[in-house]
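A short write-up of the structure that comes next.
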Amino acid sequence: MIPGGGQPNMQQLLQQAQKMQQDLAKAQEELARTEVEGQAGGGLVKATVTGSGELRSLKIDPKAVDPEDTETLADLVVAAVQAANENAQTLQQQKLGPLAQGLGGGGIPGLPF
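Our numbering applies: residue 335 is where the sequence shown begins, and numbers increase by one.
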């Protein structure tokens, strides 16, 4: 019930829901186009992902390559990708968080917040 005893205007509610859905789709498209970076080893390994978490590129400085120690390189790659994904999640929260609050603050199913 609406304060004051009035009934909700269903047409208005549907229009608001449709606008929020359009805003959400627009924000998701922006995330898919936006790239963020993560790095490890003081920049020896850099990973670039989209705001939606898709790995786009991986750059490895030749100084990070030691044929006798591939485990360290693997750890640096994992750390760089994790850092990039953390940055992508932060971007998702910035872009989609306000939309989730507009939907009642309960979050959006399938999204990490």
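C-beta atoms are modelled at their ideal positions from N, C-alpha and C, and glycine is treated no differently.
Can you say whether residue i is buried or exposed, counting buried as having 16 or more other CB atoms within 10 angstroms of its CB?
i           : result
residue 412 : exposed
residue 382 : buried
residue 399 : exposed
residue 380 : buried
residue 440 : Annotation note: pLDDT 49 at residue 440 (below 50); position unreliable, no value reported.
residue 425 : buried
residue 430 : buried
residue 410 : buried
From this set, the options, which residue's C-alpha is nearest residue i's C-alpha?
i           : options          : result
residue 385 : 401, 366 and 408 : 366
residue 368 : 418, 433 and 432 : 418
residue 326 : 345, 375 and 357 : This structure cannot settle anything about residue 326, because the visible part of the chain is limited to 335 through 447.
residue 388 : 402, 370 and 396 : 370
residue 390 : 415, 378 and 401 : 415
Throw me the rounded Cβ distance for the residue i and residue j pair, which I believe falls under 8 Å.
i           : j           : result
residue 420 : residue 372 : 7 Å
residue 358 : residue 433 : 5 Å
Checking the sheet assignment: what are the DSSP bridge partners for residue i?
i           : result
residue 360 : Per DSSP, none; premise fails for residue 360.
residue 372 : 381
Threshold first: 3 residues or longer. Then list the beta strand (DSSP E) segments lying entirely within the stretch 376–427, N to C.
379–384 and 389–394
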